[in-house]
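Residue numbers (my numbering), protein chains in the order written: chain H, 15 to 466; chain A, 151 to 443; chain P, 243 to 510.
Glycine included, C-beta positions come from ideal geometry on N, C-alpha and C.
Here it is in structure tokens:
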């Protein structure tokens with residue numbers, strides 16, 4: 015058998031061919047138009063809408079499409095899938111995108127904006143909203159609408175939104191006489207009590223460091239250094255990540271670990287596993303967004319109630335103690351679509367006050383549309399709504415969307431902090447080093463965030 | 151004479167063309183296009199492609215994720231794979247023969263290979279689960295951060311799962327190799343008094359050269375191509391300690407939206423694969439026994 | 243020594259059988275039992291998981307589609323693959339070695355490396371998201387292994403056989419079909435069984451190429467993704483059982499075939 019020799023030969027051939035093609039590729043631009051084309055062709059008969067089928071399903075959009083078709087005569091077809099990103103990406107690559115896309119968290123929508131593949135909706139926002147005289151743009155919560163803007167132009171649209179925070183079990187707390195901690199000092203005292211009662215005080219979704227970043231690190235940077243400290247971090251200002259507030263926040267995380275207040279093994283838990291630990295009362299508190307209930311509803315032990323509270327902050331911190339982190343999941347209209355008009359009309363219908371109110375009632379989440387909170391919110395959401403209404407400072411973690419590579423790296427570094435491999439000072443220095451790389455990288459578009 | 155040649159050529163062409171067309175069009179061309187993509191900035195979210203020279207490769211070079219992926223695949227290849235092969239060889243020696251136990255063993259040992267890797271990953275996550283996992287219930291508490299959460303134990307824990315998934319296949323190969331050794335050889339060994347390690351090193355091992363070569367090729371491919379198991383089990387966590395080249399590539403392609411970087415990762419992988427096959431080729435160029443004859 | 247061997251075998255057999263049994267076990271447990279206590283029994287068994295997986299989660303359709311794709315691919319692959327392997331092993335001509343090297347080399351490189359351009363190619367020839375497109379891609383990506391193995395088998399057949407048959411007046415085709423193919427049967431078994439299993443479990447290409455109609459592994463993995471937003475572990479384990487059962491059954495029925503074939507393949 016001489017096959018292995020031929021392997022060697024064949025491998026050589028491929029490497030050679032590869033080198034050749036790279037050489038050619040350097041000078042020759044591949045036809046970037048692809049098979050798609052586009053431009054002024056007549057709209058397709060059916061307007062395609064691709065939606066991420068997450069915890070809130072796809073049924074709502076389908077029903078709305080049917081209603082929309084009956085009302086306007088324009089046919090809208092909703093295609094939903096938990097991995098809709100895999101259908102949207104190839105369609106955008108060949109220049110034949112759906113008319114409206116809600117790709118979910120797996121797609122970095124800002125990259126599409128940067129490529130000029132997303133329609134500017136600024137003009138559409140000035141048109142009247144569905145079934146109303148008010149300009150469409152004015153029907154949205156302005157702070158949330160702003161999250162989809164770049165250089166004053168509206169590319170990404172909010173629909174529902176979530177708020178980040180911590181969760182506890184009110185029945186358990188009442189039974190044990192535990193009090194929801196407002197300050198970091200109260201948190202430490204409570205953790206000691208919980209630990210003494212033989213329970214893990216806090217668990218977290220360690221496999222995905224996002225939760226640690228959103229539930230602890232960032233709120234504590236804000237608490238310690240004020241909102242401007244976090245803004246500076248988001249804008250990758252030199253030295254921002256290696257500053258006192260960041261080190262302080264890292265120390266707060268490390269302290270919880272060193273005191274043994276985190277559930278043992280939590281670093282290895284996926285998000286659903288950690289949340290199951292919390293719901294099954296093996297840990298007393300967990301950081302998560304307002305989707306927690308809908309995400310876990312099938313695994314919820316009978317009669318279990320959960321309530322929201324803000325991350326406990328420093329008693330003497332510089333930051334607004336009512337600061338609350340919000341998160342949108344963007345929708346957008348791809349520029350290459352031929353049915354942009356119908357897509358916008360359909361999205362206007364979805365964002366009408368009537369449909370938005372219905373979404374809150376059916377799905378249990380906040381909506382970016384003004385005046386859409388109904389009287390009968392689900393209990394878990396109502397507990398968060400109390401804080402939301404009282405909050406004087408809403409902010410969003412936009413750098414996560416803008417610099418996803420950097421966000422992943424910071425997550426990895428947080429894991430090293432949690433594992434005790436890095437001290438808080440080393441942590442801050444390492445993040446700053448990585449931020450420096452992004453800062454210097456001209457291939458990455460830079461954005462500016464202001465929380466005001 | 152000419153007619154015979156034409157018929158021969160026609161036959162060869164008829165045999166080769168359908169397969170070659172498919173293979174070139176759907177395998178080779180896409181592979182080469184991947185190489186081309188590696189010199190472009192391409193988000194995968196539009197038709198826009200911007201040539202960017204070696205930028206994608208520079209970014210890889212500067213990222214820790216890349217080096218961890220490289221390091222982990224390399225560790226799998228030079229540390230985990232030899233352990234896997236040694237264990238399989240030992241098990242194969244145990245499993246030859248006609249006893250009921252041996253035959254039963256030879257029935258079930260391929261199960262991990264046959265079930266979907268998704269199922270295997272489900273199983274191992276349950277084994278390592280820090281509160282209700284099998285290891286935990288048997289008293290092996292593990293590190294504070296959990297078997298798959300601790301920076302030091304995550305990779306070894308993953309490696310055990312990798313060995314579990316693959317071991318049956320190599321055991322089967324080696325069983326086949328052992329069974330292929332003629333009975334006279336065993337008798338001769340018996341007469342000469344060679345047994346145990348001496349017999350293995352001087353008789354069995356050299357005779358199994360062809361099987362060992364097949365195993366080496368397979369294990370190299372498998373070591374470099376680790377994907378589904380990692381993707382479902384850990385997604386590279388914690389902090390890249392279980393990252394592999396393919397999983398990194400997949401992440402870059404999907405979540406990070408940098409197809410160019412993913413393609414660059416692919417090119418690096420192609421080169422590494424080419425180098426490893428060359429090394430394999432050198433190692434297994436010639437059957438030492440054939441030379442002696 | 244003997245005891246050591248037995249211990250080794252028993253340990254390994256248990257490590258293999260118990261986890262697989264555990265998956266079967268979990269498929270008839272309620273959702274909360276699965277997450278709360280992975281090693282306990284639900285009473286009464288939650289057979290409804292299978293119904294949910296089959297109908298609600300559409301794994302039934304995926305099951306049928308996977309079966310169809312696997313069978314069709316095999317039907318196209320085996321003739322094409324054996325023709326290539328035969329021509330490359332029994333006919334010496336300039337470049338045959340290079341072609342063999344090029345074709346078998348595909349085994350070394352994970353198909354994920356080519357996934358995106360492959361999809362774009364499929365779009366260009368209008369076969370994206372079609373059964374035919376997936377089957378052709380599967381054939382193309384299975385050729386390397388198939389040709390590699392069958393080349394080995396054909397090479398092992400003595401050339402004198404061909405010479406004798408040619409003297410008797412047999413043409414190239416009848417020599418190939420009547421004499422060589424039957425002799426290479428063990429090799430055909432190897433590639434048949436291995437490809438069938440591999441195709442049934444195949445994941446990467448199906449995920450990239452098939453958007454509307456899913457194969458079973460992709461359906462299951464999507465169910466797992468979805469589980470992250472609406473946990474239905476029962477259906478997931480039922481789905482895992484659906485993926486495992488056909489392969490394990492095939493293996494148990496054809497076990498001797500597989501092992502004989504492997505024996506021939508590795509030792510030759």
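When you compare the CB positions of residue i and residue j, do they come within less than 8 Å of one another, or not?
| i | j | result |
| --- | --- | --- |
| residue 310/H | residue 289/H | yes |
| residue 400/A | residue 382/P | no |
| residue 191/A | residue 457/H | yes |
| residue 184/H | residue 318/H | no |
| residue 253/H | residue 439/H | no |
| residue 355/P | residue 403/A | no |
| residue 376/P | residue 448/P | yes |
| residue 370/A | residue 432/A | no |
| residue 180/A | residue 363/P | yes |
| residue 432/H | residue 226/H | yes |
| residue 415/A | residue 395/A | yes |
| residue 139/H | residue 151/H | yes |
| residue 344/H | residue 103/H | no |
Closest to residue i by C-alpha separation, out of the options, would be which residue?
| i | options | result |
| --- | --- | --- |
| residue 235/A | 428/A, 373/A, 419/A | 373/A |
| residue 202/H | 271/H, 232/H, 150/H, 394/H | 271/H |
| residue 130/H | 195/A, 211/A, 266/A, 336/A | 195/A |
| residue 174/H | 75/H, 437/H, 406/H | 75/H |
| residue 420/H | 202/A, 198/A, 209/A | 209/A |
| residue 272/P | 141/H, 147/H, 313/H | 313/H |
| residue 380/A | 154/A, 222/A, 360/A | 222/A |
| residue 294/H | 133/H, 382/H, 244/H, 182/H | 182/H |
| residue 338/P | 216/A, 240/A, 213/A, 162/A | 162/A |
| residue 434/P | 385/P, 414/P, 397/P, 269/P | 385/P |
| residue 387/P | 374/P, 296/P, 475/P, 438/P | 438/P |
Which chain A residues are close to residue i, counting only those with a beta carbon under 8 Å from its beta carbon?
| i | result |
| --- | --- |
| residue 296/H | 281 |
| residue 486/P | 264, 265, 266, 269 |
Which residues in the same chain have their Cβ closer than 6 Å to the Cβ of residue i, if we skip the five residues on either side of it in sequence?
| i | result |
| --- | --- |
| residue 111/H | 105, 348, 350, 351 |
| residue 308/A | 392 |
| residue 407/P | 417, 421 |
| residue 329/A | none |
Going along chain H in order, which residues have a C-beta closer than 8 Å to the C-beta of residue i?
| i | result |
| --- | --- |
| residue 464/P | 95, 96, 97 |
Tell me which residues share the same chain as residue i and place their Cβ nearer than 7 Å to its Cβ, disregarding the 5 neighbours each side in the sequence.
| i | result |
| --- | --- |
| residue 72/H | 65, 92, 94 |
| residue 370/H | 381, 383, 386 |
| residue 322/A | 259, 260 |
Which chain P residues are close to residue i, counting only those with a beta carbon under 7 Å from its beta carbon?
| i | result |
| --- | --- |
| residue 165/A | 325, 326, 328, 329 |
| residue 422/A | Those do not exist, as residue 422/A stays about 10 Å from chain P at its closest Cβ, beyond 7 Å. |
| residue 104/H | 361 |
Chain A partners of residue i, CB-CB under 9 Å?
| i | result |
| --- | --- |
| residue 363/P | 175, 176, 179, 180, 183 |
| residue 222/P | Because chain P in this structure spans residues 243 to 510, residue 222/P falls outside the shown range and cannot be described. |
In chain order, what residues of the same chain have a beta carbon less than 8 Å from the beta carbon of residue i, not counting five sequence neighbours either side?
| i | result |
| --- | --- |
| residue 284/H | 219, 221, 222 |
| residue 265/P | 479, 482, 483, 486 |
| residue 317/A | 234, 237, 238, 241, 259, 262 |
| residue 380/P | 311, 315, 319, 441, 444, 447 |
Whose Cβ in chain P lies nearer than 8 Å to the Cβ of residue i?
| i | result |
| --- | --- |
| residue 85/H | By Cβ distance, chain P contributes nothing, its closest Cβ being about 28 Å from residue 85/H, past 8 Å. |
For residue i, which residues in chain A fall below 7 Å Cβ to Cβ?
| i | result |
| --- | --- |
| residue 248/P | 251 |
Can you name the residues of chain P whose CB is closer than 9 Å to the CB of residue i?
| i | result |
| --- | --- |
| residue 427/A | 347, 350 |
| residue 107/H | 358, 361, 362, 365 |
| residue 258/A | 254, 255, 258, 259, 262 |
In chain H, which residues lie with their C-beta within 7 Å of the C-beta of residue i?
| i | result |
| --- | --- |
| residue 373/P | Result: empty, since nearest Cβ-Cβ is about 17 Å, beyond 7 Å. |
At 4 residues or longer, and completely inside the stretch 347-429 of chain H: list those alpha helix (DSSP H) runs for me, N to C. DSSP runs (the alpha helix (DSSP H)) wholly in the stretch 347-429 of chain H: 354-364, 367-377, 393-404, 413-416.
Alpha helix (DSSP H) runs contained entirely in the stretch 236-322 of chain H, provided each spans 4 or more residues: Qualifying alpha helix (DSSP H) stretches, in chain order: 241-248, 258-272, 285-293, 306-310.
Of all the alpha helix (DSSP H) runs that stay within the bounds of the stretch 276-303 of chain A, which reach a length of 4 or more residues? DSSP runs (the alpha helix (DSSP H)) wholly in the stretch 276-303 of chain A: 284-287.
Counting only runs that start and end within the stretch 100-140 of chain H, where is the beta strand (DSSP E) found for 3 or more residues in a row? List check, beta strand (DSSP E) in window: 114-116.
What are the start and end residues of each continuous alpha helix (DSSP H) run of 4 or more residues lying completely inside the stretch 316-371 of chain P, in chain order? Taking only runs of at least 4 residues, the alpha helix (DSSP H) segments lying wholly in the stretch 316-371 of chain P are 338-347, 357-366.
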